[in-house]
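Residue numbers for the sequence shown follow the working numbering, beginning at 12 and rising by one. Here a beta-carbon is modelled for each residue, glycine too, at the ideal position from N, C-alpha and C. A quick note: this is a predicted structure, and the numbers were derived from the prediction, not measured. Shown next, in structure tokens, is the structure this report addresses.
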Amino acid sequence: QKVQQYIVIVQATDMEGNLNYGLSNTATAIITVTDVNDNPPEFTTSTVSIHTSAGPMGQAGSRNWGGMGLPTTSCTQSHFSFSQPKGPREKIQHFAAAVDYEMNRAFMLTVMVSNQAPLASGIQMSFQSTAGVTISVTDVNEAPYFPTNHKLIRLEEGVPTGTVLTTFSAVDPDRFMQQAVRYSKLSDPANWLNINATNGQITTAAVLDRESDYIKNNVYEATFLAADNGIPPASGTGTLQIYLIDINDNAPELLPKEAQICEKPNLNVINITAADADIDPNVGPFVFELPSVPSAVRKNWTITRLNGDYAQLSLRIMYLEAGVYDVPIIVTDSGNPPLYNTSVIKVKVCPCDENGDCTTIGAVAAAGLGTGAIIAILICIIILLTMVLLFVVWMKRREKERHTKQLLIDPEDDVRDNILKYDEEGGGEEDQDYDLSQLQQPETMDHVLNKTPGVRRVDERPIGAEPQYPIRPVIPHPGDIGDFINEGLRAADNDPTAPPYDSLLVFDYEGSGSTAGSVSSLNSSSSGDQDYDYLNDWGPRFKKLADMYGGGEED
């Protein structure tokens with residue numbers, strides 16, 4: 012325990028150790044002191060006090076150092092154990108079982124320690140040491156727990172809403188704490204259950220249905236939460252399993268919903284069965300029968316039983332017209348009491364070939380259209396096509412007539428929809444303010460005379476007998492069109508009442524003080540070398556000019 016190793020240097024000299032004449036040499040001797048168990052273990056303190064709810068304690072190290080620590084009190088040996096050494100001369104003491112404050116508030120232990128190797132011979136000392144340990148357990152808030160978890164109950168499906176199923180209550184282990192436990196739902200997939208928040212009573216919030224998608228292997232599972240009001244609060248969960256016993260609450264359904272059969276019997280039949288959402292003994296064997304009303308059902312059809320789950324539907328009469336028929340069939344299960352359902356199967360009756368398959372015409376007829384309906388549809392289609400063809404022919408003929416009329420008009424004389432643009436001479440900046448209202452024809456003379464000064468245009472229609480225009484024959488001949496146009500042209504040229512009319516232009520008085528002389532002394536004269544007699548040949552519109560300049564009488 013003080014020196015674990017000695018190093019000794021030894022020198023050897025000859026000539027009797029005479030250093031002047033003798034020779035010498037040295038060697039090193041290493042001496043290791045081997046430990047023997049000559050010291051028994053001892054606790055550093057005789058008493059230990061610990062406050063914990065589940066706490067460690069300890070001591071631990073060669074076999075001569077290493078000690079075996081054991082509690083010596085028999086009543087507490089089941090609560091504690093020692094683990095492997097964590098460090099030199101240490102051992103960790105653990106709780107071997109949960110410590111409950113309500114069962115044991117404190118533990119008194121006497122711990123003995125001894126070496127794993129025996130003491131060396133000749134050592135007159137005790138080979139072990141003891142110490143007292145006091146462990147005080149501190150109370151903590153423990154979570155409530157459900158004594159039966161998972162809890163399984165069995166009942167029939169279909170119980171009414173508000174039925175009490177069971178009481179699913181939890182236990183609070185904290186007996187010395189005044190705490191209240193509250194209950195709530197944690198998981199209720201179908202929302203079928205309610206739980207009383209104070210006592211944990213379970214009641215139904217809806218009708219429990221075994222055939223629901225929330226049921227797995229006839230079991231419905233819900234999870235509930237129990238929480239106390241401690242500091243901090245603690246909670247525990249419990250699972251309730253409800254095994255639902257089947258009752259006969261579902262009527263059977265006929266299968267299939269649609270089928271096909273030939274219009275003559277003995278060629279093929281329809282195999283029918285039923286599906287029931289319930290389980291044994293509330294399903295088959297099934298009973299298939301035809302209703303007595305309407306009477307045509309039993310007159311045309313018959314059912315042959317094959318076994319408890321299957322039957323055959325076939326024609327009773329020798330021939331049935333092609334079409335779609337709704338055949339009602341009553342299906343009854345074997346429940347107690349039995350349930351029945353009247354299902355309708357749509358049967359397509361059609362003509363068949365020798366193999367019992369519907370023909371193409373038969374497939375159309377089986378779609379629900381009889382022979383008379385098919386003929387009526389074909390007639391309507393033919394009439395519609397005829398009307399469309401006549402309309403197309405009429406449009407083409409009308410287009411051809413329009414094209415013929417356009418060819419009779421000379422393109423040079425056709426001024427319809429043409430814009431004729433003439434040269435225009437504008438003034439300077441002082442002549443850009445135009446009054447477009449002067450170009451509009453007034454409705455009355457009063458409106459013209461009352462206008463502000465400016466150029467006014469008065470168009471007057473001459474009063475006189477209107478010429479007679481030629482009347483187009485009801486059935487014109489293409490050769491008479493040219494004569495008709497020429498006659499109409501001559502009548503228009505000789506019509507003085509046809510626009511454009513002679514216009515009277517009234518100019519405003521420009522005021523006095525003009526530097527220019529008066530032009531009122533200028534008179535028009537018909538004398539001269541120019542011959543204006545040709546104006547008489549231009550028609551009535553130039554008659555006034557011909558009278559003024561052509562040598563006629565003056566007005």
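Check, Outcome
"Residues in its own chain within less than 8 angstroms of Ala-245 by CB, not counting five upstream and five downstream?", "Asn-152, Glu-153, Ala-154, Pro-155, Ala-238 and Asp-239"
"Under the rule that 16 or more other beta-carbon atoms within 10 Å means buried, what is Pro-144, buried or exposed?", "First, the amino acid is wrong: residue 144 is Val here, not Pro. Under this definition Val-144 is a buried residue."
"Distance check for Thr-39 and Gln-16, CA to CA, integer angstroms please.", "13 angstroms"
"Can you list, in chain order, the stretches of the beta strand (DSSP E) that have 3 or more residues and sit fully within the segment 253-326?", "264-266, 269-273, 281-286, 298-300, 312-316 and 321-326"
"How many Å lie between Leu-556 and Asn-497 at the Cα?", "26 angstroms"
"Taking the beta strand (DSSP E) that Met-123 falls in, what are its first and last residues?", "117-126"
"Under the three-state reduction of DSSP, which class applies to Lys-196: helix, strand or coil?", "strand"
"Enumerated in chain order, which unbroken segments of the beta strand (DSSP E) with a length of 3 residues or greater are wholly contained in the segment 327-402?", "334-343 and 351-361"
"Where do the N-terminal and C-terminal ends of the beta strand (DSSP E) with Phe-235 fall, by residue?", "230-239"
"Just how far apart, CA to CA, sit Glu-340 and Thr-214?", "First, the amino acid is wrong: residue 340 is Ile here, not Glu. Those two C-alpha atoms are separated by around 41 angstroms."
"From this set, Thr-43, Ile-314 and Thr-24, which residue's C-alpha is nearest Leu-34's C-alpha?", "Thr-24"
"In whole angstroms, what separates the C-alpha of Leu-130 from that of Ala-142?", "20 angstroms"
"Taking only beta-carbon atoms, is Met-119 less than 8 angstroms away from chain B?", "Absent from the structure: chain B. Only one protein chain is present."
"Between which residues of its own chain and Asp-200 is the CB-CB distance below 6 angstroms, once the five residues before and five after are set aside?", "Position check: residue 200 holds Pro in this sequence, whereas Asp was assumed. Once the five neighbours on either side are set aside, the close Cβ partners of Pro-200 are Tyr-225."
"Pop quiz: Glu-332 and Glu-274 are said to be a contact at Cβ under 8 angstroms. What is the actual Cβ separation, rounded to whole angstroms?", "7 angstroms"
"From the DSSP output, in three-state form, read off Arg-552 for me.", "helix"
"If contacts are defined as beta-carbon pairs under 8 angstroms, then Asn-202 and Ala-217 qualify, I think. What distance do you get, rounded to the angstrom?", "7 angstroms"
"Taking the continuous alpha helix (DSSP H) assigned at Glu-167, which residues delimit it?", "First-last for Glu-167: 162-167, but that is the beta strand (DSSP E), not the alpha helix (DSSP H)."
"On a CA-only basis, which of Asn-50, Gln-271, Val-355 and Ile-393 is nearest Ile-134? Give me that one, please.", "Asn-50"
"On the CB-based measure, 16 or more other CB atoms within 10 Å of its CB, does Asp-289 come out buried or exposed?", "buried"
"Identify, in the order they occur along the chain, each residue of the same chain with its Cβ nearer than 6 angstroms to the Cβ of Asn-29, setting aside the five sequence neighbours on each side.", "none"
"My output table needs one value for Val-59: the three-state DSSP class, helix, strand or coil.", "strand"
"Closest by CA to Asn-160, which one among Gly-249, Val-122 and Glu-264?", "Gly-249"
"So who's on the other strand from Tyr-17, going by DSSP bridges?", "Ile-42"
"Should the segment 359-367 be called in touch with the segment 300-310, which here means at least 3 C-beta pairs below 8 angstroms?", "no"
"Tell me which residues share the same chain as Asn-347 and place their Cβ nearer than 8 angstroms to its Cβ, disregarding the 5 neighbours each side in the sequence.", "Asn-259, Pro-292 and Asn-293"
"Is it buried or exposed, Gly-493, if we count other Cβ atoms within 10 angstroms and call 16 or more buried?", "exposed"
"Skipping 5 residues on each side, what residues in its chain have a beta carbon closer than 7 angstroms to that of Asn-282?", "Tyr-321 and Gln-323"
"Using DSSP bridges, identify the partner residues of Ile-206.", "Ile-213"
"Nearest to Gln-189 by CA position, among Thr-177, Ala-233 and Ile-242, is which residue?", "Ile-242"
"In terms of residue numbering, what span does the beta strand (DSSP E) encompassing Gly-173 cover?", "Segment: none, Gly-173 is in no beta strand (DSSP E) and carries neither H nor E."
"My output table needs one value for Gly-133: the three-state DSSP class, helix, strand or coil.", "coil"
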